Amino acid sequence: MPAFILQRLLALVPLLFIVSLLVFSLVLLIPGDPAYMLAGENATPEEIAEIRADMGLDDPVLLQYARWTAGVLRGDLGTSLFSDQPVLEVLLERLPVTLSLAFAAILVSLLVSIPAGVIAGTRPGSLADRLVTLGASTGLAIPNFWLGLMLILVFAIWNGWLPATGYVPLTEHPGAWLRHILLPAITLGLSAAAILTRQLRGAMIDVMNQDYIRTARAKGLAWRGVVLKHGLKNAAIPMVTILGLQANYLLGGTVIVEQIFGMPGLGQLAVASVFTRDLPMIQGVVIMAVFVAVFVNLLVDISYGYFNPKVRPR
Amino acid sequence: MSAPLLEVEDLAVEFLTDHGWVRVVDGVSFSVGAGETLGLVGESGSGKTVTSLSVMQLIPRPPGRIAGGSIRFEGRELLGLSDQELEALRGEAIAMVFQESMTSLNPAFTIGDQIGEVVRRHRGVSRREARVRALEVLELVQIPDPEARIDAYPHEFSGGMRQRAAIAMALACDPKLLIADEPTTALDVTVQAQVLDLLRSLQQRLGMGILFVTHNLGVVADLCDRVTVMYAGRMVETANVFDLFESPQHPYTEGLLQAMPQLGERGKRLAAIPGTPPMPWQMPDGCRFHPRCPYAEAACAEQDVKLDDLGEGRSTRCRRHAELKLEGAE
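Chains as they are written, first to last, in my numbering: chain A, 135 to 448; chain B, 154 to 483.
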């Protein structure tokens, strides 16, 4: 297993190289010149030229790339053009917010999809199955910004049960963390829950028709044991793939959800940085997102080995 | 003859299809004694697998249902038992081996886990004790180096080894009756012979009854004491294996025997039974075999043929059996 992980990590080197090229070329591709933004509306051309020189924007592109990459490799992602804080420091401050939101959303999606998918998939065509399928279609159709606003309206404004906005770190106060994270997590996790439910339902229908299910029943195992042991572990294989993809979508979804719920996470930072053309910060957010996505995929690959012994490395 | 372990009487099984409820098994009766092997023979679609699954009540419901008859195990009626009562019997007193060992073993669990599971279910023992038992039965079915193989997954086994493991799983709780549904059909001929040898020696050691479902008369000759031949959902002939091969009493049985390849007859065309079996929703009137039967008369198409008891455990469903001189096999 360690060799397997090492092999996966080595495979990341070319990927990260390509990503670094893309991220760096943002500087060249984004319309507008950060020097103009920094200098303000009434700046003279001389002032702008000075800022450009300071930022190294006049150097050849290759030199700029080499300088930037060298910095990234040393963990130096530059400083924010506006707050003068090191980018990495800001990112690490924001990362836990986004990660706990994404993690809670995945948890919500699993808590919904596993029971719903199993119930529907073991009794295809039943009333329960129809209700689950209807629910999943509805869940897919609801845009999460609308759902977020509705949840705020019902649970925060009308009833006052949960706070509408804000974030409390888990380490500071777990109870308050939960109260703040619940609505955003449901908002973000619902569409993933719908997709996973449909996936698990389909996989479960397929698996329950397999010969080994009949074998398990011929051994005298009760229906529940047959479904939960022999059925679910096999049905989980395609679900894990989808879960990995969904995890990446969820990270993208945090951008909107963090805006709605006023959470100081990476998504909110990304939006703010784009509006202020804070290039080093945008680059930092993208790199961080890539790292998280790559890490999630690694986890998915590793978990494959658990669910499906055929792909287990020897 | 020993007292019957399993008695199936007038079994009827129906499936819900586009043509409504269709009876795929009709009026099937047979018995298996302790230590006896009964072969259940027929073409694909003759209802033999459905019959064997019905004993364990493992036919998929829906679309299947047992529409009538009686299945008694050691004198106890199995039809109408609760799920819990059936589950207590399955894998314990009655065990089953299936045709495709690749698909009938769960790919996600080790061989040892899958064998141990049935022991823990019925014996209520710990994981460690179950593992000890799993090792014992793996040794019993002659898996080489069971200590090393017990933690392997099904895909790491060859076809023959997987089928041995499946047999080990079935034997783990010392069943009194083993139902084997074409357990050697998917195997190479040499491996097939090994598995049959294994089953025979296991039966001699453990004294269990075997209901052996197959389409292969060669395997029947090799292993079975008695044979029940099925055609189009009905049993057409029952006899002990020597009588059946020597003097079949039903034209279908004769056809099956003629269709068996024989050594030393190279170059000779194999006899085939003309036509195909009927679909369950368009069974012919009268004798169901008459459209394919070389001896059929007008009367065969008119009246339903009853099973004729010939004494000494023989019976046939042919109205002309007395006048016909049917040919057996050497």
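C-beta atoms are modelled at their ideal positions from N, C-alpha and C, and glycine is treated no differently. This one's a predicted model, so the numbers in the text were calculated from it and none came from an experiment.
- Message: Less than 6 Å between C-beta atoms, sequence neighbours within five positions excluded: which residues of the same chain meet that for V424 (chain A)?
- Response: What you label residue 424 (chain A) is simply residue 290 of the first sequence in a count that begins at 1. Same-chain partners within the cutoff: V153.
- Query: Can you tell me where the alpha helix (DSSP H) with P404 (chain B) in it begins and where it stops?
  - Reply: In the second sequence, the residue the question calls residue 404 (chain B) occupies position 251. Residues P404 to Q411.
- Note down, in chain order, every chain A residue with its Cβ under 9 Å from the Cβ of M249 (chain B). Mapped onto the second sequence, residue 249 (chain B) falls at position 96. The answer, in chain order, is R348, T349, A352 and K353.
- Task: Evaluate contact between the region 419–438 of chain B and the region 376–383 of chain B, counting only Cβ atoms and requiring at least three cross-stretch pairs below 8 Å.
- Result: no
- With a cut-off of 8 Å, do at least 3 Cβ pairs link the region 211–231 of chain A to the region 410–428 of chain A? yes
- Query: Can you tell which of B:C446, B:G360, B:W434 and B:S468 has its C-alpha closest to the C-alpha of L405 (chain B)?
  - Reply: Stepping through the second sequence from its first residue, residue 405 (chain B) is reached at position 252. The question names Leu, yet the displayed sequence has Tyr at residue 405 (chain B). Of the listed residues, the one whose Cα sits closest to Y405 (chain B) is B:C446.
- Query: With a cut-off of 7 Å, does the C-beta of N393 (chain B) fall near any C-beta of chain A?
  - Reply: Locating residue 393 (chain B) in the second sequence gives position 240, where the first residue counts as 1. No, no contact with chain A.
- Within this structure, are the beta carbons of M314 (chain B) and M249 (chain B) separated by less than 7 Å? Taking the first residue of the second sequence as position 1, residue 314 (chain B) is located at position 161. Taking the first residue of the second sequence as position 1, residue 249 (chain B) is located at position 96. No, these two residues do not count as a Cβ contact at 7 Å.
- Task: On a CA-only basis, which of A:L155, A:E223 and A:V252 is nearest L197 (chain A)? Give me that one, please.
- Result: Locating residue 197 (chain A) in the first sequence gives position 63, counting from the first residue. If we check each option's Cα against that of L197 (chain A), A:L155 comes out closest.
- Decide if H307 (chain A) is buried, meaning its Cβ has at least 16 other Cβ atoms within 10 Å, or exposed. Numbered from 1 along the first sequence, position 173 holds the residue referred to as residue 307 (chain A). Under this definition H307 (chain A) is an exposed residue.
- Task: Say whether chain B places a C-beta atom closer than 7 Å to the C-beta of N368 (chain A).
- Result: Counting from 1 along the first sequence, the entry for residue 368 (chain A) is found at position 234. N368 (chain A) counts as touching chain B.
- Query: Can you tell which of B:H368, B:V181, B:P307 and B:A323 has its C-alpha closest to the C-alpha of E196 (chain B)?
  - Reply: Position 43 of the second sequence, counting from 1, holds the residue named residue 196 (chain B). It is B:H368 whose Cα lies nearest to the Cα of E196 (chain B).
- Query: Given a limit of 8 Å on CB to CB distance, which residues of the region 307–336 of chain A reach chain B?
  - Reply: none
- Is it right to say G387 (chain A) is buried, meaning 16 or more other beta carbons lie within 10 angstroms of its own, or is it exposed? Walking along the first sequence from the start, residue 387 (chain A) turns up at place 253. The residue in question, G387 (chain A), is buried, as its Cβ has 16 or more Cβ neighbours within 10 Å.
- For F429 (chain A), which residues does DSSP report across the bridge? To locate residue 429 (chain A), count along the first sequence from 1; it is residue 295. For F429 (chain A), which the question treats as bridged, DSSP gives no partner whatsoever.
- Message: Less than 7 Å between C-beta atoms, sequence neighbours within five positions excluded: which residues of the same chain meet that for A482 (chain B)?
- Response: Taking the first residue of the second sequence as position 1, residue 482 (chain B) is located at position 329. Same-chain partners within the cutoff: F398, L410 and M413.
- Message: Looking only at its chain, what residues have a beta carbon closer than 7 Å to the beta carbon of S155 (chain B), apart from the 5 residues adjacent to it on each side?
- Response: Within the second sequence, numbered from 1, the residue matching residue 155 (chain B) stands at position 2. With a pLDDT of 48 at S155 (chain B), under the threshold of 50, the modelled position of that residue is not reliable, and no figure is offered here.
- M432 (chain B), buried or exposed, once every other Cβ within 10 Å from all chains shown has been counted against 16: Looking up residue 432 (chain B) in the second sequence gives position 279. That one is exposed.
- Can you tell which of B:P328, B:C326, B:R317 and B:Q357 has its C-alpha closest to the C-alpha of G340 (chain B)? As a first step, residue 340 (chain B) is located in the second sequence; it is residue number 187 there, counting from the start. The amino acid at residue 340 (chain B) is misidentified as Gly; the sequence shows Leu. Of the listed residues, the one whose Cα sits closest to L340 (chain B) is B:R317.
- Query: Cα-Cα, which of A:K444, A:L362, A:R335 and A:A406 is closest to S271 (chain A)?
  - Reply: Working through the first sequence from its first residue, we reach residue 271 (chain A) at position 137. Comparing Cα positions, the closest option is A:R335.
- Can you list, in chain order, the residues of its chain whose CB lies under 7 Å from that of G180 (chain B), leaving out five sequence neighbours each side? By one-based count along the second sequence, residue 180 (chain B) stands at place 27. Answer for G180 (chain B): D163, A165 and R387, listed in chain order.
- Based on Cα-Cα distance, which residue from A:D340, A:N343, A:L355 and A:N431 lies nearest to L379 (chain A)? Against the first sequence, residue 379 (chain A) aligns to sequence position 245. When each option's Cα is compared against that of L379 (chain A), the closest is A:N431.
- Task: Using a Cβ cut-off of 7 Å (strictly closer), state whether G195 (chain B) contacts chain E.
- Result: You won't find chain E in this structure, because its protein chains are A and B.
- Query: Helix or strand or just coil, what does DSSP make of V373 (chain B)?
  - Reply: Position 220 of the second sequence, counted from the start, is the residue given in the question as residue 373 (chain B). Reduced to three states, the DSSP call for V373 (chain B) is helix.
- Message: Bridge partners for M383 (chain B) per DSSP, in chain order?
- Response: For the purposes of this step, residue 383 (chain B) is taken as residue 230 along the second sequence, with counting starting at 1. According to DSSP, which records beta bridges pairwise, M383 (chain B) is partnered with B:M388.
- Which of helix, strand or coil does DSSP assign to A310 (chain A)? In the first sequence, the residue the question calls residue 310 (chain A) occupies position 176. Of the three classes helix, strand and coil, the one that applies to A310 (chain A) here is helix, per DSSP.
- Query: Around the Cβ of P430 (chain B), are there at least 16 other Cβ atoms within 10 angstroms (buried) or fewer (exposed)?
  - Reply: As a first step, residue 430 (chain B) is located in the second sequence; it is residue number 277 there, counting from the start. P430 (chain B) comes out buried.
- Rounded straight-line distance, which links the Cα of T178 (chain A) to that of E192 (chain A): The sequence position of residue 192 (chain A) within the first sequence is 58, counting from 1. The sequence position of residue 178 (chain A) within the first sequence is 44, counting from 1. In the sequence under discussion, the amino acid at residue 192 (chain A) is Asp, which differs from the Glu named in the question. Taking the straight line from one Cα to the other gives about 17 Å.
- Apart from the five residues on each side of it in sequence, which residues of its chain come closer than 6 Å, Cβ to Cβ, to R332 (chain A)? Mapped onto the first sequence, residue 332 (chain A) falls at position 198. For R332 (chain A), where only same-chain residues beyond five positions count, the Cβ hits under 6 Å are A270.
- Using the C-alpha atoms, what's the distance from E392 (chain A) back to R80 (chain A)? Outside the displayed range of chain A (135 to 448) lies residue 80 (chain A), so it cannot be described from this structure.
- Message: Going residue by residue through the region 303–373 of chain A, where are the continuous alpha helix (DSSP H) segments of at least 4 residues, counting only ones entirely within it?
- Response: 308–342 and 345–352
- Task: At 8 Å on the CB atoms, spell out the chain A contacts of P260 (chain B), in chain order.
- Result: Here residue 260 (chain B) is taken as the residue at index 107 of the second sequence, counted from 1. Near P260 (chain B) (Cβ distances below 8 Å), the residues of chain A are Y346, N368, N442, P443 and K444.
- Query: How is the alpha helix (DSSP H) around S468 (chain B) delimited, first residue to last?
  - Reply: Within the second sequence, numbered from 1, the residue matching residue 468 (chain B) stands at position 315. It is not in any alpha helix (DSSP H) - S468 (chain B) instead sits in the beta strand (DSSP E) that spans R467 to T469.
- Pick helix, strand or coil for P307 (chain B), following the three-state DSSP scheme. Looking up residue 307 (chain B) in the second sequence gives position 154. It is helical.
- Query: Counting Cβ pairs, one atom from each stretch, are 3 or more of them under 8 Å apart for the region 267–278 of chain B and the region 210–222 of chain B?
  - Reply: no
- Task: From the DSSP output, in three-state form, read off V290 (chain B) for me.
- Result: Taking the second sequence and counting its residues from 1, the one referred to as residue 290 (chain B) is at position 137. In this structure, V290 (chain B) counts as helix in the three-state DSSP scheme.
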